[in-house]
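Residue numbers (full-length UniProt numbering), protein chains in the order written: chain A, 1 to 528; chain B, 1 to 300; chain C, 1 to 324.
Note that the Cβ used here is the ideal one computed from N, Cα and C, for glycine as well.
Before any comments, here is the structure.
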Amino acid sequence: MTSTATLKGLALTVSIAALLGLAPAQAADLIVGSSTEPSALDPHFSRTGNNQNIAAQIFDRFVEPDPNLQIRPALAESWTNVDPTTWRIKLRAGVTFQDGSPLTPEDVIFSLTRAKDIPNSPAPFTGNVGAIASMSAVDPQTIEFKTKGPAPDFIEQVGLVYIVQKKLAEGKTIEAFNNGSAAVGTGAYKIKEWVPGDHITLVRNDKFWGKKPAFENVTIKFIANDAARVAALRSGSVDLIDAVPPNDVGTLGKTKGIRLTSTASARVVYLALDGSRDESPFIVGPDGKTLNPNPLKDQRVRLALSKLINRRLIVERLLDGAGDAAGQLVPVGVGGSDPDLPPLAQDVAGAKKLLADAGYPNGFGITIHTSNDRFAGDAASAQAIGQMFAQGGLKVNGVVAQPYNVYASAAGKQSFSAFIFSLGNTTPTSATGLRNLLMTPDKDAGTGSFNRTRYSNPAFDAKMKEALSEFDLDKRIALLKQATKIGVEDVGFVPLFWPKVYWASKENITYTANRGEDLMATLAGIAQ
Amino acid sequence: MIALTLRSLGEDSLVVRALNGILKSPKATIAGIVCILLLILAAIGPWLAPQNPYDLMQISIMDAKLPPGSESMTGSIYWLGTDGQGRDMLSAMLYGLRTSLAVGLVSGVVALGIGTSLGLIAAYFGGRVDTLIMRLVDLMLGFPTILVALMLLALIGQGVGKVMVALVLVQWALFARAVRGAALVEKSKEYVEAATCLDLSKARILFGHLLPNCLPPLIVIATLQVANAISAEATLSFLGIGLPITEPSLGLLISNGYSVLMSGQYWISVYPGLLLVAVVFSINIVGDRLREVLNPRLQH
Amino acid sequence: MTVFVIRRLSQSLLILFITSIIVFAGVYAIGNPIDILIAPDATLAEREQAIRSLGLDRSLLEQYSTFLWNALHGDLGRSFVFNQPSIDLILNRMPATLELAFVALALSLLIGIPLGLWAGLRPNSALDETVMTGSILGFSLPNFWQGMMLIMIFSVWLGWLPSTGRGELGTIFGIRTSLATWSGLSHLILPAINLALFKISLVIRLTRSGVRETMPLDFVKFARAKGLSERRIVSVHVLKNIMIPIVTVVGVEFGGLIAFAVVTETIFAWPGMGKLLIDAIMRLDRPVVVAYLLVVVTLFIVINFIVDILYSLLDPRIRIGSAS
Numbered sequence: 001m002t003s004t005a006t007l008k009g010l011a012l013t014v015s016i017a018a019l020l021g022l023a024p025a026q027a028a029d030l031i032v033g034s035s036t037e038p039s040a041l042d043p044h045f046s047r048t049g050n051n052q053n054i055a056a057q058i059f060d061r062f063v064e065p066d067p068n069l070q071i072r073p074a075l076a077e078s079w080t081n082v083d084p085t086t087w088r089i090k091l092r093a094g095v096t097f098q099d100g101s102p103l104t105p106e107d108v109i110f111s112l113t114r115a116k117d118i119p120n121s122p123a124p125f126t127g128n129v130g131a132i133a134s135m136s137a138v139d140p141q142t143i144e145f146k147t148k149g150p151a152p153d154f155i156e157q158v159g160l161v162y163i164v165q166k167k168l169a170e171g172k173t174i175e176a177f178n179n180g181s182a183a184v185g186t187g188a189y190k191i192k193e194w195v196p197g198d199h200i201t202l203v204r205n206d207k208f209w210g211k212k213p214a215f216e217n218v219t220i221k222f223i224a225n226d227a228a229r230v231a232a233l234r235s236g237s238v239d240l241i242d243a244v245p246p247n248d249v250g251t252l253g254k255t256k257g258i259r260l261t262s263t264a265s266a267r268v269v270y271l272a273l274d275g276s277r278d279e280s281p282f283i284v285g286p287d288g289k290t291l292n293p294n295p296l297k298d299q300r301v302r303l304a305l306s307k308l309i310n311r312r313l314i315v316e317r318l319l320d321g322a323g324d325a326a327g328q329l330v331p332v333g334v335g336g337s338d339p340d341l342p343p344l345a346q347d348v349a350g351a352k353k354l355l356a357d358a359g360y361p362n363g364f365g366i367t368i369h370t371s372n373d374r375f376a377g378d379a380a381s382a383q384a385i386g387q388m389f390a391q392g393g394l395k396v397n398g399v400v401a402q403p404y405n406v407y408a409s410a411a412g413k414q415s416f417s418a419f420i421f422s423l424g425n426t427t428p429t430s431a432t433g434l435r436n437l438l439m440t441p442d443k444d445a446g447t448g449s450f451n452r453t454r455y456s457n458p459a460f461d462a463k464m465k466e467a468l469s470e471f472d473l474d475k476r477i478a479l480l481k482q483a484t485k486i487g488v489e490d491v492g493f494v495p496l497f498w499p500k501v502y503w504a505s506k507e508n509i510t511y512t513a514n515r516g517e518d519l520m521a522t523l524a525g526i527a528q
Numbered sequence: 001m002i003a004l005t006l007r008s009l010g011e012d013s014l015v016v017r018a019l020n021g022i023l024k025s026p027k028a029t030i031a032g033i034v035c036i037l038l039l040i041l042a043a044i045g046p047w048l049a050p051q052n053p054y055d056l057m058q059i060s061i062m063d064a065k066l067p068p069g070s071e072s073m074t075g076s077i078y079w080l081g082t083d084g085q086g087r088d089m090l091s092a093m094l095y096g097l098r099t100s101l102a103v104g105l106v107s108g109v110v111a112l113g114i115g116t117s118l119g120l121i122a123a124y125f126g127g128r129v130d131t132l133i134m135r136l137v138d139l140m141l142g143f144p145t146i147l148v149a150l151m152l153l154a155l156i157g158q159g160v161g162k163v164m165v166a167l168v169l170v171q172w173a174l175f176a177r178a179v180r181g182a183a184l185v186e187k188s189k190e191y192v193e194a195a196t197c198l199d200l201s202k203a204r205i206l207f208g209h210l211l212p213n214c215l216p217p218l219i220v221i222a223t224l225q226v227a228n229a230i231s232a233e234a235t236l237s238f239l240g241i242g243l244p245i246t247e248p249s250l251g252l253l254i255s256n257g258y259s260v261l262m263s264g265q266y267w268i269s270v271y272p273g274l275l276l277v278a279v280v281f282s283i284n285i286v287g288d289r290l291r292e293v294l295n296p297r298l299q300h
Numbered sequence: 001m002t003v004f005v006i007r008r009l010s011q012s013l014l015i016l017f018i019t020s021i022i023v024f025a026g027v028y029a030i031g032n033p034i035d036i037l038i039a040p041d042a043t044l045a046e047r048e049q050a051i052r053s054l055g056l057d058r059s060l061l062e063q064y065s066t067f068l069w070n071a072l073h074g075d076l077g078r079s080f081v082f083n084q085p086s087i088d089l090i091l092n093r094m095p096a097t098l099e100l101a102f103v104a105l106a107l108s109l110l111i112g113i114p115l116g117l118w119a120g121l122r123p124n125s126a127l128d129e130t131v132m133t134g135s136i137l138g139f140s141l142p143n144f145w146q147g148m149m150l151i152m153i154f155s156v157w158l159g160w161l162p163s164t165g166r167g168e169l170g171t172i173f174g175i176r177t178s179l180a181t182w183s184g185l186s187h188l189i190l191p192a193i194n195l196a197l198f199k200i201s202l203v204i205r206l207t208r209s210g211v212r213e214t215m216p217l218d219f220v221k222f223a224r225a226k227g228l229s230e231r232r233i234v235s236v237h238v239l240k241n242i243m244i245p246i247v248t249v250v251g252v253e254f255g256g257l258i259a260f261a262v263v264t265e266t267i268f269a270w271p272g273m274g275k276l277l278i279d280a281i282m283r284l285d286r287p288v289v290v291a292y293l294l295v296v297v298t299l300f301i302v303i304n305f306i307v308d309i310l311y312s313l314l315d316p317r318i319r320i321g322s323a324s
């Protein structure tokens, strides 16, 4: 090829690309720019959000979360608690898989058995099916479950496991799912093709039992880079994107032809304080030596630190308004949220008094740790809190930001004193979050798995145990509220904010904002 | 070889030649002046900067993401705007320049020291020592700098010291090869044999007699390598495996601005980028001119 | 020759073995993949199950010996993230990277040689000065910043070209490539330019110095004496003479293109193996990091080997040269 021919080719390409960019998408097709990519199409392989996004469009579960994370029936039409250790689940009638085979109790029992032993699974569904002692088909529509003990949250747990087809999935490896041959569910969309690192294409399932989705062909492009994803929407090469960075919310909101949808997520960003040990590595005196006793053991000190933080400022300035200041684990709308626990307002004088009362009138040295690539504003929030602590009289020896891969394992090993984390919540109540974050770590009881500061409060633990074994939902929520109050008043963690989640689409496309931070074609519609 | 004639001229005249060469080219002169100015800026930066961008008492997120020329809460002007933390970009760049230059210079000098010593040793002792060292050199030069550095940092983690270690490791081989080449030519000369007969110490022969003759290629490589190292460090930091966010170099400042580049806050990455290009470009022009003037026969 | 090949082969195996130890030990020293892979609401029991099933509960030595044993049987381990053989993941992504590198290579020759000839034929003119200064600038622009500026100008401001991903693929001569569709081409242009810029500068300099060394040679004078046009002398005789060094150097540099593709792929979200590496490092997908590095080291050993052989075949002077 000669160089002139190349140049002509380039010029042509440029103009064609410009044309393509401006062309409107066909009404029945949807191109999505997704911030995440699944690691596998086997719905049981990993419970993480990126895999769930795709799995939930191809497969169904007993129940599904609504935009507020409250569950509603899906494959299970109804469920009854016969006695404390027996549950009966009635399957929805007339449901067929995408290949036409009917949904049977065998498929369900197979799926629930399979879910806990997927080879090499990094995030298995083991916990979700852990309560099951045995299961059997009563009739072609009903399955009876015996549980190992009373399991009040049985349906919430077991209801999150995807149902695959026994005939196609039995004995199959992950490859059979990834190439689509075993990935045949009952969901709204059928998988057409997955090109790893690039895109997935889905086709509407016309046999779907539920509401027919608006779009027939869906292409999901993986664009992990925030700026690039926004640029793709602006240039028109995709119709809908998720995880709009807070930075772009302002400008996109003003852009003609672009529609912005948002909701507060149920993910809480918090500051963890290492207050359960006599010495904490980054809490130091004027001489640079670690302080003993550790000031963070004192509730007054923890409260003072919480009071030094101006949450509204962080939300407004750093997140450009893309968040709500938090005073507890879950926001209003999620079960267990207590309206009487508003976010603490900044109170520097009050904080200084508390510090003086605790015996630290001149503060102490502190280093704040954070990740810098985990969620929008993680490093920035830590820096801002550093500024606020410094202005409140503490000697801030640094704000250290690390990539999440290094940071997360160090945080789990109690390497830090004050550090920023986020905790997502995808369940209808705050129970799971409170159990993992604030209950005393105990492997056998399955509590405290994200309690990185080893916080331990007997009163809180007792109240949580009571809540976790309560069958009545209203009573359980009341108990969760009481537990939350104990944890918050003792400053077991310092809640900062619930980030708002944004989706942006072309004006002719609507999207249902949801607290689960999901990006699914089933939630998209055509504007009237 | 040029190195031959240079031996009799001594070190002073080498410097003179280099300086004369630079001054004869207006382009190189300007670039040289820019280099010196940048060095001075880096040296006195902390005193020039309107703010210490890493002192949390001095910055406020109230001033975050202000465009260039904005007024701060206290009335001073942010000439180049502020970043997402409310840091004055001008100050952050002055501090960043310091980090970038320090990383480039220190790793260059250490690599020069190690490479030169190994090159001289290889040339002087020959035989197995030579084979071993040169095999290592071939191995290092067989792989692209950025990949080796990337690999190393993926293994040893982040930090100024670690980046320098990685950069030294990828640079020393170039020096070793050049020095060995020049020293081999020299070694066969009578005076080295004479020195050996006089029973002068090996170190003295190596550093007193062989080294001065290897200087021209060393100066050129060293200059170009400083530019390369600065650029490599910036790239590594951009990829997220170089410097930690608390010690931002120019590369890291650019990287911080990358995410907001498309939402109109161009200044956070464009200005540090321009400064970085100015640094690397001017050093490269000087290095290129030195190559022409000193004319050591180097590969490309 | 046979001795040379055998010696190189055994050296290469040794290098691979040593690399595998260093990389393995190093990769296993940082972070804990479980923290990244695990579900946000996992219980401690689930966590332990995941640790066991990924083999992370075993000692480093145990893990390495399993790895080595499997590697000798052609299995470089399964990705923690994708649960697919790492080597498959890498080979799946390799065509995209090779395509990018080849197009960048072609661009660097197509742009670099004419500019280098142009400058070399008019030494010390204003044009020469401009081209040469331009080439230094090309060396000086950090690859990643240059890419960002390309995106800012051509995607954001002008809106001409897409900034991210790979376009549609078509088939030419049985090869799946972006070159076959407009969408593919438009996605390829910016990353290819980004990757090529450094090499364009290199080719310019090589061509220019080649021309300047060749023009005073006798055969050029003969050709002039024979009355050949200057155009023909340059485009046929001179060019032929300087092509050998350019092609060999560029051949060696092809490895560099693959290495630098890591940066380009990160900026333009090009689904190649460089991006796979960065993602794997970030997600602590150890088997993929180890496999990638071993694949690339092998690739380099092969490239260097071929270049060495070609050298000694093409140019008999090499052997004499190395002896002196």
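Original post:
Any idea if C/F153 is buried or exposed, counting beta-carbon neighbours within 10 angstroms, 16 or more meaning buried?
Top reply: Position check: residue 153 of chain C holds Ile in this sequence, whereas Phe was assumed. Residue burial annotation: C/I153 is exposed, with fewer than 16 other C-beta atoms found within 10 angstroms of its C-beta.
Original post:
Just to confirm, does A/H369 get its C-beta within under 6 Å of one of the non-hydrogen atoms of the ligand MG?
Top reply: As far as ligands go, the structure on display features none, and thus does not contain the ligand MG.
**OP:** May I have the straight-line CA-CA distance separating A/Q141 from A/T96, to the nearest angstrom?
**Re:** Here the C-alpha atom of A/Q141 lies approximately 13 Å from the C-alpha atom of A/T96.
Original post:
Which residues, in order along the region 313-338 of chain A, keep a beta-carbon less than 9 Å from a beta-carbon of chain B?
Top reply: In summary, the residues of the region 313-338 of chain A whose CB is separated from some CB of chain B by less than 9 Å are L313, I314, R317, L318 and D320, in the order they occur in the chain.
**OP:** Can you pull the chain B residues whose beta carbon is under 9 Å from the beta carbon of A/G386, in chain order?
**Re:** Chain B residues near A/G386: L56.
Subject >> Residues in the region 215-228 of chain A having any Cβ partner in chain B nearer than 9 Å >> reply: Answer set for the region 215-228 of chain A: N225, D226, A227 and A228.
Subject >> Contacting residues, own chain, Cβ-Cβ under 8 Å from A/A131 (five flanking each side not counted) >> reply: Apart from sequence neighbours up to five positions away, the residues of its chain that approach A/A131 with a beta-carbon distance below 8 Å are T147, K148, G149, A151, F154, Q157 and V158, ordered along the chain.
Original post:
Where does the unbroken alpha helix (DSSP H) through C/M273 begin, and where does it stop?
Top reply: Here the alpha helix (DSSP H) through C/M273 covers M273 to M282.
**OP:** Quick one: which residues of the region 98-125 of chain A get their C-beta closer than 7 Å to a C-beta of chain B? List them in chain order.
**Re:** Using a CB distance below 7 Å, no part of the region 98-125 of chain A faces chain B.
Subject >> Positions along the region 237-254 of chain C whose CB lies within less than 9 Å of some CB in chain A >> reply: The residues in question: there are none.
Original post:
At a Cβ cut of 8 Å, what residues of the region 171-193 of chain C count as close to chain A, listed as they run along the chain?
Top reply: Within the region 171-193 of chain C, the residues whose Cβ lies closer than 8 Å to some Cβ of chain A are W182, S183, L185, S186 and I189, listed in chain order.
Original post:
Can you give the Cα-Cα distance for C/P95 and C/W157, rounded to whole angstroms?
Top reply: Whole-angstrom Cα-Cα distance: 31 Å.
Original post:
If you measure beta-carbon to beta-carbon, which residues of the region 274-289 of chain C are closer than 9 Å to chain A?
Top reply: Those would be K275, L276, D279, I281, M282, R283 and L284, in chain order.
Original post:
What whole-angstrom Cβ distance do A/L75 and A/R61 have, given they're in contact under 8 Å?
Top reply: Between A/L75 and A/R61 the beta-carbon gap is near 6 Å, inside 8 Å, which marks them as a contact.
Original post:
Taking Cβ-Cβ distances shorter than 7 Å, what residues in chain A pair up with C/G120?
Top reply: In chain order: nothing, as chain A lies at least about 17 Å away.
Original post:
Got a sec: is the Cβ-Cβ distance from B/M140 to anything in chain C below 7 Å?
Top reply: Residue contact check for B/M140 against chain C: no CB pair falls below 7 Å.
Original post:
Is the Cβ of C/V156 closer than 7 Å to any Cβ of chain B?
Top reply: Proximity of C/V156 to chain B, defined by a Cβ-Cβ separation below 7 Å, is satisfied.
**OP:** Please classify C/G74: is it buried, with 16 or more other beta-carbons within 10 angstroms of its beta-carbon, or exposed?
**Re:** Sixteen is the threshold: since fewer than 16 other Cβ atoms of the shown chains lie within 10 Å of the Cβ of C/G74, the residue is exposed.
Subject >> Endpoints, the alpha helix (DSSP H) within which B/N223 is located >> reply: The sequence as given places Thr at residue 223 of chain B; Asn does not occur at that position. Its alpha helix (DSSP H) spans residues L215 to F238.
Original post:
Over what stretch of residues does the beta strand (DSSP E) that includes C/R32 continue unbroken?
Top reply: This sequence places Asn at residue 32 of chain C; Arg is not what is there. Counting along the chain, C/N32 falls outside any beta strand (DSSP E), and DSSP gives it neither H nor E.
Original post:
To the nearest whole angstrom, what separates the beta carbons of A/N120 and C/S53, a pair I think is in contact under 8 Å?
Top reply: Their Cβ separation, rounded to whole angstroms, is 5 Å, which keeps A/N120 and C/S53 in contact under 8 Å.
**OP:** Find out if the Cβ-Cβ distance for the pair A/T522, A/Q57 is shorter than 7 Å.
**Re:** Contact flag set, yes.
Original post:
The beta strand (DSSP E) with C/H73 in it runs from where to where?
Top reply: Here C/H73 belongs to no beta strand (DSSP E), and DSSP marks it neither H nor E.
**OP:** Would you please verify whether the beta carbon of C/R208 is less than 7 Å from any beta carbon of chain A?
**Re:** Not one chain A Cβ lies under 7 Å of C/R208.
Subject >> Simplified DSSP state of A/S34, which is helix, strand or coil >> reply: In the displayed model, A/S34 falls within a strand according to three-state DSSP.
**OP:** For B/N52, collect the residues of the same chain with a Cβ closer than 6 Å to its Cβ; drop the 5 residues on either side in sequence, then sort them by chain order.
**Re:** Only Q58 meet the Cβ criterion.
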